[in-house]
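Chemist: Residue numbers (the numbering used here), protein chains in the order written: chain A, 9 to 121; chain B, 17 to 126. We treat Cβ as the ideally placed atom computed from N, Cα and C, and that holds for glycine. Pasting a structure below so you can have a look.
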Amino acid sequence: AAGVIQSPRHLIKEKRETATLKCYPIPRHDTVYWYQQGPGQDPQFLISFYEKMQSDKGSIPDRFSAQQFSDYHSELNMSSLELGDSALYFCASSRTEGLETQYFGPGTRLLVL
Amino acid sequence: GQSLEQPSEVTAVEGAIVQINCTYQTSGFYGLSWYQQHDGGAPTFLSYNALDGLEETGRFSSFLSRSDSYGYLLLQELQMKDSASYFCAVLDTGRRALTFGSGTRLQVQP
Numbered sequence: 009a010a011g012v013i014q015s016p017r018h019l020i021k022e023k024r025e026t027a028t029l030k031c032y033p034i035p036r037h038d039t040v041y042w043y044q045q046g047p048g049q050d051p052q053f054l055i056s057f058y059e060k061m062q063s064d065k066g067s068i069p070d071r072f073s074a075q076q077f078s079d080y081h082s083e084l085n086m087s088s089l090e091l092g093d094s095a096l097y098f099c100a101s102s103r104t105e106g107l108e109t110q111y112f113g114p115g116t117r118l119l120v121l
Numbered sequence: 017g018q019s020l021e022q023p024s025e026v027t028a029v030e031g032a033i034v035q036i037n038c039t040y041q042t043s044g045f046y047g048l049s050w051y052q053q054h055d056g057g058a059p060t061f062l063s064y065n066a067l068d069g070l071e072e073t074g075r076f077s078s079f080l081s082r083s084d085s086y087g088y089l090l091l092q093e094l095q096m097k098d099s100a101s102y103f104c105a106v107l108d109t110g111r112r113a114l115t116f117g118s119g120t121r122l123q124v125q126p
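This is how it looks when you write it as C-alpha cells:
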C-alpha cells in the first residue's frame, strides 16, 4: 500500500538559510498535517490543509510557511533558520472520516549548524 | 486547551504484560488514540477509542473511560521489538490536528 512520502530525508543547513521540505500524502487522503518533533519530545502540530486549503495552524513560527498544491503534495518552507529549528519534521495524512488515524511519513531530519 | 499525562518510562521483560496509562484534560473530546514510535522512526497508529470500553487488536488492547478522562494501552506477550515510545493523543476540538502526550518509553528486557 502507498505510504506518505517525504523528501529529503536528511537536510543540513546553516543559520539564516532557507529550507524546503516536501510531502506527498497517501492518494485520496483529503487532509495533510505537518508536525515538528524535537529530541525526546512529542510531535508538535504546525499546520494542516484540507482539500488544498489551509485548515488549522498550531505552533508554527512566522518564519515558516506551507502550502498544498493542485496535485495534493505539500511543502513546508522554513526561512531564517535558527539552531532551535533542528528537529524531525513529519508530514501526515488522513481522511476526514478518520482524522484520529493519521498516517505519518518517515520524516525529514533537519540539522541547523 | 488540551493536556495529556502519561508515565515517562516503563520497563518490562519479554513475555510479560504492561499497561501504559494516559489521563487527559480537554475542552472537547472525540476519542483517544495511541501511536507507537521507534527511535528515529515515524509515529504509527495503533488504536482509537471513541466509546468506553476495551478495544482489542492482536497483542495490543486499548481502554477508555470517558467519565474518568482516562485510558490505557495494554501490551501482552511482550517482545523485544515492542521497545519503543508510546504516545496517547486526542483530536483538537474543531481543528484538524492531534495533541500528543509526552510519550512513554517502553524498554523490554530479555
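1) When DSSP labels each residue in this structure, what does Glu90(A) get in the three-state scheme?
2) Step through the CB atoms of chain B and report whether any lies within less than 9 Å of the CB of Pro51(A).
3) If we define contact as Cβ-Cβ less than 9 Å, is Ala100(A) a contact residue for chain B?
4) How is the beta strand (DSSP E) around Gln95(B) delimited, first residue to last?
5) So the beta strand (DSSP E) Leu121(A) belongs to, where does it begin and stop?
6) For the pair the stretch 113-124 of chain B and the stretch 18-26 of chain B, tell me if three or more CB-CB distances fall below 8 Å.
7) Exposed or buried, Thr115(B), counting other C-beta atoms within 10 Å across all chains shown (16 or more means buried)?
8) Between the Cα of Thr116(A) and the Cα atoms of Gly106(A), Cys99(A), Gly48(A) and Pro69(A), which residue gives the shortest distance?
9) Could you name the residues of the stretch 66-96 of chain A whose beta carbon sits closer than 9 Å to any beta carbon of chain B, in the order they occur along the chain?
10) Mind listing the chain B neighbours of Gln62(A)? Cutoff is C-beta to C-beta under 8 Å, in chain order.
11) Can you tell me which residues form a DSSP beta bridge with Glu21(B)?
12) Roughly how many angstroms lie between the CA atoms of Glu59(A) and Asp38(A), to the nearest whole one?
Modeler: From the atom records:
1) Residue state, collapsed to three classes: coil.
2) yes
3) yes
4) Looking at the DSSP string, Gln95(B) is not in any beta strand (DSSP E), and its letter there is neither H nor E.
5) No beta strand (DSSP E) contains Leu121(A), which DSSP labels as neither H nor E.
6) yes
7) buried
8) For the residues Gly106(A), Cys99(A), Gly48(A) and Pro69(A), the minimum Cα distance to Thr116(A) belongs to Cys99(A).
9) Residues passing the 9 Å Cβ filter: Gly66 and Leu96.
10) Those within 8 Å of Gln62(A) in chain B number zero; the least Cβ separation is about 10 Å.
11) Thr39(B)
12) 5 Å
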